[in-house]
Amino acid sequence: MPSENRFILHADLDCFYASVEMRDNQELQNKPVIIGADPKEGKGRGVVSTCSYEARKFGLHSAMPISRAYRLCPQGIYLRPNFNKYTAASKAVMEILKSYANHFQKIGIDEAYLDVSEKCESFEDVKILATKIKEEIKKSVGITLSIGISTSKSIAKIASDENKPDGLCIVPPDKIEEFLAPKNITRIPGIGKKTKIHFYKKGITKIGDLIDLPLPKLTELFGKHGKWIWKVIRGQDTRKVQELHEGRKSISKERTFYEDTSDFNLVLSKVQEINEKIHKKLLEQKISYKTITIKIRFEDFQTFTRSKTIDYPICNKEKVIKIFLELFEEFLKVNKKIRLIGLKLSNFERTAKIHQQSLLKYLYV
Ligand code: TTP
Ligand code: MG
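Taking this note's numbering, the leading residue of the sequence shown gets 60, the next gets one more, and so forth.
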């Protein structure tokens, strides 16, 4: 289906953990509620997991050291997380969201994409549907969420953040450029803290600075990022809404170093970073794998892959690192710098196929 004929929703719960706590204790409503480590009157270690919108007015946000949060907002109500409650609330929300979608994809504990192209004919239809979804979740789970709607996943995601909390933001194709222009480039998925520096150096900070650049110019400046950006800002991100396991046989990620390197610790830390990301997705979707493949590209572009297949499906990031080290060993003696490193996990099995509960626990350490 051409991307302009799709209707994609991105749903994201508002200050999720804090919302659940406020739902369960009326006294917390409209107060600065902070979920995270114990602040110990400013001496505590650890970070803020999330906080209510009241607390955000004091400058608090996720991942902020709890000691700093306490200094900024000593009158806040500081609570330890209660994950069982959040998991139950997430499950209830996801079931409702899924029931409204033609295609559904859960992302993490409080986010999901819905493709509703087969049940809606216009943005007006989608708006009615989104309003209904919001009402049902509020009524049966007791918390609010924000929904972004557009014709692609990336624009829907940016839109869900637009009018938080309890927001609804619709971006039809002819409004995409206008919607994106004033936003910082880091709102484009894939442009993180590190990549943004490359853009800033070229005087590009806002998405509007990119809109008039033709595709060849963008690829010349930013390589594969250029092509991706060009597509995203035109609403041409054609990624499907689908669970990871649907039609997918492997998951892989690779990283090119900013400068070719012979520092093994750097290589290993990149692999660990990739490994964490991949496992986050696999764990969410309860997928295990039997084959681990590594990819190495040297400074002269010579590229090698090495694989190992084990007898039983696992989902164990420590084991992957062990196998990586095993497979990498033969390259330790190569007297060339490394340009790229990659990791692929394949030969998938849905966890449901593994029957032994005790084994399951062992595999998901
Ligand atoms: P988010 O959706 O990023 O944040 P949020 O739902 O709290 O707030 P927003 O209204 O801006 O969407 O994350 C969902 C939950 O994940 C959040 O409630 C707590 C948890 N989380 C952490 O524990 N640490 C973190 O650094 C982040 C970002 C989230
Ligand atoms: Mg959220």
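Glycine is no exception: its CB is placed at the ideal position from the N, C-alpha and C atoms.
Nearest-angstrom Cβ-Cβ length linking residue i and residue j, presumed shorter than 8 angstroms
| i | j | result |
| --- | --- | --- |
| Ser205 | Asp71 | 6 angstroms |
| Thr364 | Thr352 | 6 angstroms |
| Lys354 | Glu408 | Actually they are not in contact, since the Cβ atoms of Lys354 and Glu408 sit about 23 angstroms apart, beyond 8 angstroms. |
| Val175 | Ala151 | No, Val175 and Ala151 are not in contact; Cβ-Cβ is about 20 angstroms, not under 8 angstroms. |
| Ile270 | Phe258 | Ile270 to Phe258, Cβ: 14 angstroms. No contact. |
| Ile125 | Val92 | Between Val92 and Ile125 the Cβ distance is about 14 angstroms, and since that is not below 8 angstroms, they are no contact. |
Buried versus exposed call for residue i [16 or more other C-beta atoms within 10 Å across all chains shown]
| i | result |
| --- | --- |
| Phe142 | exposed |
| Tyr172 | buried |
| Pro372 | buried |
| Ala218 | buried |
| His49 | Here the chain has residues from 60 to 424 only, and residue 49 is not among them. |
| Glu425 | One cannot answer for residue 425 here, as it falls past the ends of the chain, which runs 60 to 424. |
| Lys412 | Because the pLDDT at Lys412 is just 38, under 50, the model does not fix this residue reliably, and the value given afterwards should be weighed accordingly. Exposed: under 16 other Cβ atoms inside 10 Å. |
| Ala215 | buried |
| Gly282 | exposed |
| Gly251 | exposed |
| Phe383 | buried |
| Gln440 | It is not possible to answer for residue 440, since the shown part of the chain is limited to 60 through 424. |
| His414 | Legend: pLDDT at His414 = 33, less than 50; position of this residue unreliable, value from coordinates given subsequently. By the 10 Å Cβ count, His414 comes out exposed. |
| Gly207 | buried |
| Ile310 | buried |
| Asn334 | buried |
| Lys286 | exposed |
Unbroken beta strand (DSSP E) run spanning residue i, endpoints
| i | result |
| --- | --- |
| Glu107 | A small correction: the amino acid at residue 107 is Val; Glu does not occupy that position in the sequence shown. That run of the beta strand (DSSP E) goes Val107 to Cys110. |
| Ala171 | Glu170 to Asp174 |
| Tyr137 | Ile136 to Leu138 |
| Pro372 | Thr362 to Ile373 |
Start-to-end residues for the alpha helix (DSSP H) that takes in residue i
| i | result |
| --- | --- |
| Ala218 | Lys212 to Ser219 |
| Arg457 | Any property of residue 457 remains undetermined from this structure, which presents the chain solely from 60 to 424. |
| Val79 | Phe75 to Asp83 |
| His338 | Phe323 to Glu343 |
| Lys354 | That residue, Lys354, is in no alpha helix (DSSP H); its beta strand (DSSP E) goes Ile346 to Phe357. |
| Glu393 | Correcting the residue identity first, residue 393 is Val in this sequence and not Glu. Val393 -> no alpha helix (DSSP H), and no H or E assigned at all. |
| Phe387 | Lys376 to Phe387 |
| Thr297 | Neither: Thr297 is in no alpha helix (DSSP H) and is coded neither H nor E. |
| Ser199 | Phe182 to Ser199 |
If we count Cβ pairs, one from each stretch, closer than 8 angstroms, do we get three or more for the region 290-305 versus the region 202-218?
yes
Take every Cβ of the region 90-98, pair it with every Cβ of the region 183-195, and state whether three or more of those distances are shorter than 8 angstroms.
no
Would you call the region 172-182 and the region 109-126 touching, i.e. three or more CB-CB distances under 8 angstroms?
no
Any contact of the region 269-279 with the region 315-325, i.e. 3+ C-beta pairs under 8 angstroms?
no
Whether or not the region 71-83 and the region 163-171 are in contact is what I'm after, with contact meaning three or more pairs of Cβ atoms, one per stretch, closer than 8 angstroms; do they touch?
yes
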